[in-house]
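Numbering (my numbering), first residue to last: 125 to 464. For each residue, glycine too, the CB sits at the ideal point set by N, CA and C. Quick caveat, the model's predicted, so the values are computed rather than measured.
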């Protein structure tokens, strides 16, 4: 905790008090939460960014989309549009935001919508003739105006919410007690081979109830990088001098996976909109070399002048163990709550 964050400690206490009162008002029904007659699964976290929500949503899409009509609903962070937008052939990252546009590009059979007002967004989705059977809410753990039927809470292995504190002293959006709303907690970004003894210790540290399930996952990097019309093996690209580019919350694992001693790394803020000046800087830094970026950044850059030298590294969330139990919990919830 740096000095400034220590100085801001009284504001963290005040912020924690305000968010706790808000949650109590929702829990007691004084503030209204809206439920819907379709399965609604909310994925989110207690902290600010960087817990792996996007690969977790994609995992759920892969699990459910062969059996049900799926829609994702996100806020559309830093998009340039307003209100409710349902992705169509005119969609791009500026209209939807980078993560929803990534869903739209990868899963053409899934409806992708954005709306800061999740209640309105769900209402709009269900008013369509071709309405979804299941709705996945992206980054909506604190969106109490919707009462989801199932909550998945993510927390990073290296930054557990049990070790954190309220903003601005720490990174928590609400107090640790908010975890009580979760049906499932997923500890993300774990080492690939996390011993079961350490898994048990983490469960105790998070103080989960007997009814809450916990799972452990890691970021599984692909063995190839992808460009507009080309696939290159990671082993081959690792030996080549290149520019590594990331505009995500915690880019270091991405850099570490690909980097060699001749590479340069260039970092931008999370969800960054790349300006013409940025593109010039990137192109000059690359100096004719390949530019390798994250999948989230690629959707914002693929139509730029960098495309001829631009590639991305696909990732997915993989469970260390017991993934069948996770799948069964989700599938049983959906089957039980599907509108007849």
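The Cβ atoms of residue 222 and residue 423 sit closer than 9 Å to each other. Among the bridge pairs identified by DSSP, residue 345 is matched with 439. The alpha-carbon of residue 194 is positioned some 25 Å away from that of residue 279.
Only residues of its own chain outside the window of five on either side were considered, and among them 355, 356, 357, 358 have a CB closer than 7 Å to the CB of residue 348, listed in chain order. By the Cβ neighbour-count rule, residue 145 is exposed, with fewer than 16 other Cβ atoms within 10 Å of its own. Around residue 231, the same chain offers 185, 189 as residues with beta carbons nearer than 7 Å, after the five sequence neighbours per side are excluded. The segment 348 to 372 contains, as complete alpha helix (DSSP H) runs of 4+ residues, the segments 358 to 362 (chain order). 9 Å or more divides the Cβ of residue 138 from the Cβ of residue 268.
Rounded to the nearest whole angstrom, the C-alpha separation of residue 235 and residue 244 is 16 Å.
Cα atoms of residue 366 and residue 182: separation of roughly 28 Å, rounded to the nearest angstrom. Going by beta carbons, residue 419 and residue 438 fall inside the 9 Å limit.
Within the segment 228 to 275, the complete beta strand (DSSP E) runs of at least 3 residues fall at 235 to 238, 258 to 262. In the three-state reduction of the DSSP assignment, residue 416 falls in the strand class.
Judged by their CB atoms, residue 416 and residue 361 are nearer to each other than the 9 Å cut-off.
Under DSSP, residue 168 shares a beta bridge with 277. For a cut-off of 8 Å, the C-beta gap from residue 261 to residue 166 is around 4 Å, short enough to register as a contact.
In the same chain as residue 374, and ignoring 5 residues on each side of it, the C-beta atoms closer than 7 Å to its own belong to 174, in chain order.
Taking all protein chains in view, the Cβ of residue 412 is surrounded by fewer than 16 other Cβ atoms within 10 Å, so the residue is classified as exposed. Its Cα nearest to that of residue 299, the residue 286 stands out among 395, 309, 286, 311. Judged by their CB atoms, residue 197 and residue 238 are nearer to each other than the 9 Å cut-off. Secondary structure at residue 326: helix, using DSSP grouped into helix, strand and coil. If the five residues before and after residue 461 are omitted, its C-beta is found closer than 7 Å to the C-beta atoms of 163, 273, all from its own chain and listed in chain order. Between residue 352 and residue 414, the gap from beta carbon to beta carbon reaches 9 Å or more.
Distance between residue 390 and residue 152, taken at the CA atoms: about 48 Å.
In chain order, 288 place their CB closer than 6 Å to the CB of residue 294, counting only its own chain and leaving out the 5 sequence neighbours on each side.
Distance between residue 338 and residue 382, taken at the CA atoms: about 30 Å. Assignment of residue 312 by DSSP, reduced to helix, strand and coil, places it in the strand class. Cβ neighbours of residue 428 within its own chain (closer than 6 Å, five residues either side excluded): 403. In this structure, the beta-carbon distance from residue 220 to residue 203 falls below 9 Å. Following the DSSP letters along the chain, one finds residue 298 in no alpha helix (DSSP H), marked with neither H nor E. Residue 453 is a Cβ neighbour of residue 308, given a cutoff of 9 Å.
Cβ neighbours of residue 407 within its own chain (closer than 8 Å, five residues either side excluded): 429, 430. Rounded to the nearest whole angstrom, the CA to CA distance from residue 458 to residue 275 is 12 Å. Counting along the chain, residue 220 sits inside no beta strand (DSSP E); it lies in the alpha helix (DSSP H) bounded by residues 217 to 220.
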